[in-house]
Every structure is written in structure tokens, then in C-alpha cells.
């Protein structure tokens with residue numbers, strides 16, 4: 142959910158008109174280098190992809206609610222107390238992330254160019 146929130150916030154900076162001038166065409170007419178033209182072509186492709194994916198209007202939170210509401214049916218009674226396992230899962234995920242982050246920083250020269258990310262599972266569960 143954190144990534145979706147970030148993407149939604151970043152979408153405010155996207156050009157709103159899909160028929161607006163393409164960046165690649167502008168780069169070519171301005172006589173910019175081949176590397177810049179290639180980068181603007183990739184930017185145009187990504188912006189079009191973002192427009193298409195945001196235009197479908199998929200509400201992923203409602204999708205999650207629908208999927209998890211099915212788990213409350215009589216055929217899924219073994220998951221009735223699933224929430225009891227969440228603290229242990231969150232601690233395990235947090236410890237695993239901390240261990241991997243420490244391991245990455247100990248790698249020396251390779252660790253300088255590497256980046257660390259996580260999927261936000263503990264934070265996502267804590268916020269719900």
C-alpha cells in the first residue's frame with residue numbers, strides 16, 4: 142500500500158494530456174544527443190504505461206478487501222485466528238530485513254553501489 146500511495150502522489154507531476162507533445166520528438170527537433178533521445182523515448186513509453194494503468198481505475202485496496210473477506214467464509218475457518226500470528230510474522234520480517242541490511246553494509250566496496258529496499262510488510266500490517 143505504501144508504494145501505491147507514493148505512486149499516486151508522484152502522479153501529480155505527470156503530464157495530464159495524453160496528446161501532448163512527446164518528449165522524444167522534442168529532443169529530436171532540438172538536436173539533442175542520441176543518449177538523450179533514447180532516454181526521452183523511454184520516458185514517453187513509461188508515461189504512456191502509467192497513463193494506461195491509472196486509467197483502468199483499479200482500486201487495489203478494494204481488491205484486497207474482497208479477497209480477504211472471502212477468507213471469513215465457513216470453508217476458511219482454519220484462518221479465523223490468523224491475526225494472532227501477525228506479531229510473530231512482523232518481528233521475523235523486521236529481523237530478517239535488519240540482518241540483510243547489516244550484511245549489505247559489511248560487504249565493503251560492493252555495498253557502496255548496492256541499495257536496500259523492502260516491501261513494507263511490517264509497516265503495512267501495523268497501519269491496517
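In the working numbering, the protein residues as written are 142 to 269. The beta-carbon is built from N, C-alpha and C at its ideal position, and this holds for glycine as well. Computed from a prediction, not measured in an experiment: that's the story for all the values here.
### Query
Taking the C-alpha atoms as reference points, what is the distance between residue 193 and residue 205?
Here residue 193 refers to the residue found at position 52 of the chain shown. Here residue 205 refers to the residue found at position 64 of the chain shown. So the two alpha carbons sit approximately 21 angstroms from each other.
### Task
Mark residue 179 as exposed unless 16 or more other C-beta atoms lie within 10 angstroms of its C-beta, in which case mark it buried.
The count along the chain shown starts at 1 and reaches residue 179 at position 38. Burial call: exposed.
### Query
Do residue 164 and residue 185 have their C-beta atoms within less than 8 angstroms of each other?
On the chain shown, position 23 is the one that residue 164 refers to. On the chain shown, position 44 is the one that residue 185 refers to. Yes, the Cβ-Cβ distance between residue 164 and residue 185 is below 8 angstroms.
### Query
Taking the C-alpha atoms as reference points, what is the distance between residue 181 and residue 173?
Taking the chain shown and counting its residues from 1, one reaches residue 181 at position 40. Taking the chain shown and counting its residues from 1, one reaches residue 173 at position 32. Those two C-alpha atoms are separated by around 10 angstroms.
### Query
When you compare only the Cα positions, how much space is there between residue 245 and residue 227?
The residue given as residue 245 occupies position 104 in the chain shown. The residue given as residue 227 occupies position 86 in the chain shown. Each residue's alpha carbon lies about 27 angstroms from the other.
### Task
Indicate whether residue 271 and residue 212 have their beta-carbon atoms separated by less than 8 angstroms.
Since the first and last residues shown for the chain are 142 and 269, residue 271 lies out of range.
### Query
So, using beta-carbon positions, are residue 188 and residue 155 closer together than 8 angstroms?
Position 47 of the chain shown, counted from the start, is the residue given in the question as residue 188. Position 14 of the chain shown, counted from the start, is the residue given in the question as residue 155. Yes.
### Query
On the three-state DSSP scale, how would you describe residue 185?
As a working mapping, residue 185 is identified with position 44 in the chain shown. Residue 185: helix per DSSP, three-state reduction.
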